[in-house]
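Take a look at the structure below.
Residue numbers (the working numbering): 1 to 317.
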C-alpha cells in the first residue's frame, strides 16, 4: 500500500501540517523554484524561434524578477508579495505572440498573469518590473483609464478583431482574426478549435448593443480558447461578464440549450459542484446532476458564475 501526497510547501503557501503519525512517513520533494535566466532563454528560444530575441529577453527577465520577489516573500521579510508566475505562463505568451504578432507582449503577458488584480503594493512592484525591462505596464485595477472593469489589457487598443467564424465540420470551428489597422488579407490570422456542434455566430442578441470594449474582449477570449487556454472574466456586477461568456459560447458553436450555468456560493463543497440535492414525487431525497456535470455528460458548455466565492479546496476539486 502506497500513498503519494500532492501539496504546497509551508510556509511559502498557506497549508495545514500533517498529523504526527503521517508526518514521519512522508518524504517531500520540492517541485519548482527559480530557473536560471540563461537556461530559460535557451529553452524558450529553441521552442519559439519566431519570437524576436529582445522580446524573449524582456519576458524572461520579468519572470525572474517575479521569482525573486516570491522568494523574498517566502522568507517573511518586508516587501511586495506577488503571485508566483505559473510554470506555463511564458510558453503560452510566446505561443500567442507567434500566432498574433501584432499583440503587445505586455498585453499577452497580462492575460496569463493579471498582476493588476494583486494588492496595490505587489501590483505596483510588478508594473515597475515591466517598465524596468522595457515593457509597457498595464493600468492599475480600478483606474479611470480602463474602459471596463475587466482585467484584460483594458487600457490597450485592440490589435485584432474577430472578422468571421464558420463551422468547418460537425465538431470544428474556424476563426478569422483581422488586424484592426492595416488589415490586408495576408495579415489575417486563422485558428481552428473544437465547437459545440451548432452553427457558430457573431450576432449580438437583441436588445444588446455591441461596444468596442466588449468586441475587444471577445476577440481576446477567442484567441485564448483557440490556444487551448481557460478564460476567466473578472469584474463587478453589471459589467456584462455573463453576456460575454454566452457570446463566446455562441462563437464556439454552442446553442442556447447546450449552455449551462452553475452559480457558485460560499459554502459550496466539491460534491455540490457535481450533484445537487432534490426530491422526487414522493418527497424522498435524490441527487441530481449539477449544471457542470450535465455539461460534461452532454458535451455542452458550463459557465461557472461567482468563481471567487468557492473555497480553495472546493476549487481544487
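Glycine included, each C-beta is placed from N, C-alpha and C at the ideal position.
Taking the beta carbon of residue i as the centre, do at least 16 other beta carbons fall within 10 Å, making it buried, or is it exposed?
i, result
"residue 68", "exposed"
"residue 222", "buried"
"residue 1", "exposed"
"residue 60", "buried"
"residue 42", "exposed"
"residue 237", "exposed"
"residue 200", "buried"
"residue 56", "buried"
"residue 38", "exposed"
"residue 66", "buried"
"residue 249", "buried"
"residue 92", "buried"
"residue 119", "exposed"
"residue 50", "exposed"
"residue 287", "exposed"
"residue 307", "exposed"
"residue 230", "exposed"
"residue 70", "buried"
"residue 217", "buried"
"residue 82", "buried"
In terms of residue numbering, what span does the alpha helix (DSSP H) encompassing residue i cover?
i, result
"residue 214", "212-226"
"residue 110", "105-112"
"residue 279", "Residue 279 -> not in any alpha helix (DSSP H); beta strand (DSSP E) instead, spanning 275-279."
"residue 93", "89-99"
"residue 41", "37-47"
"residue 131", "120-133"
"residue 241", "241-251"
"residue 267", "Run containing residue 267: none; DSSP gives neither H nor E here."
"residue 315", "312-316"
May I have the straight-line CA-CA distance separating residue i from residue j, to the nearest angstrom?
i, j, result
"residue 35", "residue 64", "8 Å"
"residue 111", "residue 263", "24 Å"
"residue 168", "residue 309", "38 Å"
"residue 125", "residue 257", "45 Å"
"residue 185", "residue 179", "9 Å"
"residue 284", "residue 94", "55 Å"
"residue 209", "residue 157", "20 Å"
"residue 85", "residue 173", "31 Å"
"residue 240", "residue 304", "14 Å"
"residue 4", "residue 314", "20 Å"
"residue 228", "residue 235", "23 Å"
"residue 127", "residue 277", "46 Å"
"residue 103", "residue 224", "12 Å"
"residue 132", "residue 58", "9 Å"
"residue 87", "residue 280", "47 Å"
"residue 113", "residue 271", "30 Å"
"residue 101", "residue 187", "10 Å"
"residue 211", "residue 46", "40 Å"
"residue 252", "residue 205", "15 Å"
"residue 105", "residue 72", "26 Å"
"residue 232", "residue 96", "17 Å"
Could you say which of the options lies nearest to residue i if we only look at CA atoms?
i, options, result
"residue 166", "175, 222 and 158", "175"
"residue 182", "164, 81, 169 and 160", "160"
"residue 198", "254, 225 and 173", "254"
"residue 243", "229, 93 and 214", "214"
"residue 123", "89, 179 and 115", "115"
"residue 121", "80, 106 and 136", "80"
"residue 290", "282, 308, 283 and 269", "269"
"residue 130", "311, 70 and 107", "107"
"residue 312", "275, 266 and 278", "266"
"residue 298", "259, 275, 86 and 282", "259"
"residue 98", "194, 127, 245 and 53", "53"
"residue 247", "301, 104 and 101", "301"
"residue 275", "261, 292, 281 and 282", "292"
"residue 296", "211, 261, 117 and 132", "261"
How would you write the range of the beta strand (DSSP E) that residue i sits in, first residue to last?
i, result
"residue 191", "189-194"
"residue 323", "This structure cannot speak to residue 323, because the chain is shown only from 1 to 317."
"residue 165", "160-167"
"residue 288", "285-289"
"residue 302", "301-305"
"residue 262", "259-263"
If the criterion is Cβ atoms closer than 8 Å, does the pair residue i and residue j meet it?
i, j, result
"residue 203", "residue 162", "no"
"residue 189", "residue 177", "yes"
"residue 226", "residue 273", "no"
"residue 135", "residue 48", "no"
"residue 195", "residue 164", "no"
"residue 90", "residue 44", "yes"
Does chain B have any CB closer than 8 Å to the CB of residue i?
i, result
"residue 133", "Considering every chain present, this structure includes no chain B. It has just one protein chain."
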